[in-house]
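Read the structure below first, then the notes.
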Amino acid sequence: MWRATLKGLLAHKVRLGLTALAIVLGVGFVSGTYILTDTMGRAFDNLFSQIDKGIAVQVSGVQKFKGSGPGGEDVGSAERVPNSLLPQVESVPGVRAAAGELAGYAQLVGKDGKAITTGGAPTLGVTSVRDPDLSQAVAREGRKPARFGEIGVDVGTAKKHDLHVGDRVTVLLQGPPMRATIVGLFGIGSADNLGGATIVAFDPRTAQIALNGGGRWDDIVVAAKQGVSPSDLRDRIAAILPRGYEAKTGEQAAQEASDQIKKGLSFFNIALLVFAGISLFVGAFIIFNTFSILIAQRTRELALLRALGASAKQVRRSVLGESAIVGLLASVVGLGFGFAIALGLQGLLRGFGIDLPTTTTQLLPRTVIVALLVGVVTTVVSSVVPAVRASRIPPAAAMRETMPAEYQRSTRRTALGLLVTALGVAALLTGLFAGKGAALVGLGAAVVFLGVATLSPIAARPLARVLGAPLPSVSGLAGRLGRENAMRNPRRTASTAAALMIGLGLVSFVNIFAASVKASATQALQQTLKADYAVIPSSFGGGANGFSLEVATRLRIEPAFSAVEEYRQGVFGYQGSAQQLSAVDPALLEKVESVEMVRGSVGALHDGDVLVYRQTAESNHWRLGQTIPVQFARTGRRELRVVGIYGDNRLLGNYVVTLGTFDRNFTAHLDSIVLLKTAPGVSDPQAKAAVARVTREFPNVKIDDQAQLRAEQAKQINQLLGLITALLGLAIVIALFGIVNTLALSIFERTHEIGLLRAVGMARRQVRTMIRWEAVIIAVFGALLGTAVGVFFGWAMVHALNDQGITVLSLPVRQMVTYVVIAGLMGVVAAAFPARRAARLDVLAAITHE
Amino acid sequence: MSSTLTDQGPVRSVRLAARAVEAVKVYGSGDASVRALDGVTVDFEAERFTAVMGPSGSGKSTLLHCMAGLDSLTTGHVFIGDVDLTTQSEKKMTLLRRDKVGFIFQTFNLVPTLNALENITLPLDIAGRKPEQSWIDRIVSTVGLADRLTHRPSELSGGQQQRVAAARALSSRPEIIFADEPTGNLDSRSSAQLLDFMGAAVRDFGQTIVMVTHDALAASHANRVVFLVDGRVEDEMADPTTDRILDRIKSLGGE
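Listed in order, the protein sequences are those of chains A and B.
So that you can map any letter, position 331 of the first sequence is 345 in the numbering used here, and since no number is skipped, the others follow by simple counting.
So that you can map any letter, position 43 of the second sequence is 34 in the numbering used here, and since no number is skipped, the others follow by simple counting.
Have a look at this one:
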């Protein structure tokens, strides 16, 4: 039996290859993701252990709240260490040297006068530590900064932006910008750069001013005397520390710093794995379909085996064995492909300026196991149904003329399809509306796809008939036959289309969702924004969450504006989960936007109070006057008193506090947006000129009027949309291979028929046209199903997020039509190879073929 | 070879629908090569029903395939009317099959997705020509399938399918129809119906048919039988009957 299995496999290498391709791509994506993130993780491990080598102990404030915001926002740092602690630490026996460190926002202005931005990595200012053991920076050129007006810059940034020792540059800070001379370039350990961040080093005294230290340090790093172990020294130092501060060994600190970055990487890892999972899901459909067709074509062969005494079990095992071998081979190739993907992505990241510290590419045993397991399991599971079908072939079928059975609409299938779809919808809606988590939503979506795929053969014939209706008049007999071929085996057409349905379903879902977010944002802005202008960071993902408070301070001096309202944003903890808050000046708030107060008033907001969004208050059962316990990374547990509850408001988020409350509980003070209301009689050019006077010194901000602000939001959403669509592209490509595969197999099955058509005078061109139309119908059918499912998903998602301010359901009809048209064109592409094969069939061989 | 032709008696002044001249077809090369056609020269007169007979491996199917432009000769020439097939491109050959040649195969004659009528007009549809309704009606009534026209092939019996195939071969009024064992898979009653129809096509519509068969009863419907042995024309017979054919086969040491 096994010999028959293997021989069968080897006899159809092309078929095998096409089937395996779907798995190769999916497994490649999975393993590539792991290899890439493992490699990056290892690189950071190496880097931190290298640069912190000389540090025996690190003293810092205890992080009172850990976690990150819903969008991965930083919670801010712990309380800083007072300068007065430094001499105490230095006096502990065994300490050779100690130094305070500070890190914060510092952004360089490039030679073109524009702020230097990163692809999302931080723009950091740090202290230049004198002691070489304690310094993470290694001087490469020039010297360390020693006084006010001198800075060092990391080699990577200097190279990329053409900065040299001796250059005079501007550095943007939390406070006023600073002019300084570059006196030295440094590397981070052996690396030129730290993951794409730009780093400016100041001497310790300047750092206190530039980075808003206020006489405190982020941490104190300590070098040990010869023969003193880091853990002993840590214990000795810990003994003298006041409450709220802790000592760690350098090794621990390095590990924590690296873990922090790896946590960021795991977000990235999960995001990529989701897309890899989608690709595999699509691949599973293709395998299911391919095996089903192969079984149908091999009916006689399998029946013969049965007639010769093979049991149903043996036949089933043979098919499953075949799929396991295909899965294993494909997974091994996929693993290799994953290696290539990882290298390619690293190159791509480098292209975006995210230069990773170099290390050897990491292929962990976990990656190999996951890749093989995922590949084999996907393949075997998707061939279970075909295998069972194969085992049900009666031995007598060997003797019969095999004509593929006419498709019967079965009520069992309909019932099953409806049930599965209903279960999927239920899971999806429960996940969305009861807030039971993303996993349930994803599972629900997958089950909905399965259910629709089960039901789709019912729709395949009538829809193909309608879709193909214009074909006979457009391209004659070839068109008519293409349409008939798409209709003749609805199950095959449907499951081929199902693969494409998934890709298109997700693409149209994200498009609908993005369009709805845009429309909602626009509507919200129009309804709530009273301000005439907004000052915002000039580039999205500029590294910092905002810009210097100095901008607002200077704008306030300008007589052109009657109100200058600052917004700061931060993350805090409530019952262990991270929440985002906005901080504003309550006296100005209602001048720049309309706030619909349900309870209380904006005027009641003082330091230590909070305004809460209605939905948030309702779901937590908070009432006016109640105090709620919250946690800040810097100050730990605090209580905020609810003094107002407000309705839908996009600008404010769910919690609003005063700027005073914000500044006391966060270490970094930056504005995320400044809203401006012009004074009466001030013209647009006058207002813009006033802003320009201020922003000349702050190239990292720009001014938008209301329309520009809306466009800005749309642009950010479109960027994200583009990225997601590109990632879903892989699933669509895999679905295309599915169409190629099905057509190639169908053509093999129809060798006779094509031979006959050719014999009675059909030209090669007409044969190609016929197959092309079949592919187009399948592709458009899949795209339409996908769009329908996508619209449902979009509708559900928008309704679920109603209380998050997504109130408008917007269907981007033009885009959706475009995607369906593109799907049709992709059908043409997918048909190219099978059509060529069919057209090249040797006519005589085809008609005499048995 | 030419001596065989003189056996035929006085040459009538008729048009030739197709002919082969010194046709040689060799499969394979070296020691493994097989001469399927070993210098066949034969004429097929227009408006006549010719049967080609011979034992298995005599080259009768190969001759038919080469005559019909489905296969190419190693050396020699075949003509449909005045057109030398050996000099035609693949494209021209396709057009020639479409416009000048009709086919009836042993099995798999019909496109399963098209109904009987659509199968009959298939060559016309491929060419994008409008079928001449009176002509189609005439064929359909002769073939006796008027009430089956909207049925798909899977809903027709084997005999009905072959008659549809024969009607299709006639629909484009080709210069010549080649039939390759058309009754090979049929019972005797269905065979008789099909052969009667083919005979009527020659007699009443002036069609030219060349049929390969190894069934003497089938061959007896023809005006003339050509006997092939080992890739050569051994003999031929005008106005054959079943008994005469069987006698001749015995004398040729055939099947």
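Where is the CB? At the ideal position from N, CA and C, for every residue including glycine.
These numbers were taken from a predicted model, which means no experiment stands behind them.
In the structure shown, residue 593(A) adopts extended strand secondary structure according to DSSP, grouped into three states. Not a single C-beta of chain B is nearer than 8 Å to the C-beta of residue 855(A). The C-beta of residue 70(B) comes no closer than 8 Å to any C-beta of chain A.
Along the stretch 198 to 244 of chain B, the beta strand (DSSP E) occurs as fully enclosed runs of 3 or more residues at 200 to 203, 215 to 220, 223 to 229, listed in sequence order. Look at the stretch 282 to 347 of chain A and you find these whole runs of alpha helix (DSSP H), each 4 residues long or longer: 313 to 321.
Note that the C-beta distance between residue 118(B) and residue 496(A) is not below 8 Å.
Short of 6 Å from the beta carbon of residue 522(A), and not among the five residues preceding or following it, lie these beta carbons of its own chain, in chain order: 801, 804, 830. About 4 Å separates the CB atoms of residue 517(A) and residue 745(A); that is less than 8 Å, so the two are in contact. Interface residue (Cβ-Cβ distance to chain A less than 8 Å): residue 88(B) is classified as such. Under the DSSP assignment, residue 155(B) falls in the alpha helix (DSSP H) whose first and last residues are 149 to 162.
A residue is called buried once 16 or more other Cβ atoms fall within 10 Å of its Cβ, and residue 173(B) is buried on that count. Ranking 729(A), 454(A), 467(A) by CA distance to the CA of residue 513(A) puts 467(A) first. Under DSSP, residue 820(A) forms no beta bridge with any residue. Linking residue 353(A) to residue 310(A) through their CA atoms gives a straight-line distance of about 37 Å. Taking the Cβ atoms as the reference, residue 169(A) lies roughly 11 Å from residue 208(A), outside the contact range of under 8 Å. In this structure, residue 209(B) places its C-beta atom within 8 Å of the C-beta atom of residue 186(B). Interface with chain A (8 Å Cβ-Cβ cutoff): residue 100(B) is included.
For residue 576(A), the enclosing beta strand (DSSP E) has its first and last residue at 575 to 588. Counting only residues of its own chain and dropping the five nearest sequence neighbours on each side, residue 796(A) has a CB closer than 8 Å to the CB of 510, 511, 512, 513, 514, 515, 518, 749, 837.
Of all residues in the stretch 496 to 515 of chain A, only 498, 499, 502 place a beta-carbon less than 7 Å from a beta-carbon of chain B. Residue-level contact check: residue 56(B) touches chain A, since one or more beta carbons of chain A fall below 8 Å from its beta carbon. In the DSSP assignment, residue 627(A) is bridged to 660(A).
When Cβ-Cβ separations below 8 Å define contact, residue 727(A) makes no contact with chain B. For residue 103(B), a Cβ of chain A is located within less than 8 Å of the residue's own Cβ.
Against chain B, the CB of residue 780(A) has a partner CB under 8 Å away; the residue lies at that interface.
With a threshold of 16 other beta carbon atoms within 10 Å, residue 124(B) falls short and is exposed. Contact annotation: residue 441(A) and residue 458(A) have beta-carbon atoms nearer than 8 Å. Residue burial is scored here from C-beta neighbours: residue 243(A) has fewer than 16 other C-beta atoms within 10 angstroms and is therefore classed as exposed.
Closer than 9 Å at the C-beta level to chain B, one finds these residues of the stretch 480 to 496 of chain A: 490, 491, 492, 494, 495. Interface flag for residue 774(A) against chain B is set, since a Cβ pair is found closer than 8 Å. With contacts defined by Cβ atoms closer than 8 Å, residue 798(A) and residue 834(A) form a contacting pair. When secondary structure is reduced to three states using DSSP, residue 619(A) falls in the coil class, being assigned neither helix nor strand.
Shown here, residue 66(A) sits in coil according to DSSP, grouped into three states, outside any helix or strand. Contact note: residue 767(A) reaches chain B through 99, 102, 103, using a C-beta cutoff of 8 Å and chain order. DSSP assignment within the stretch 60 to 94 of chain B yields the following whole alpha helix (DSSP H) runs of 4 residues or more, N-terminal first: 81 to 91. The CB of residue 861(A) comes closer than 8 Å to the CB of 61, 96, 99 in chain B, given here in chain order.
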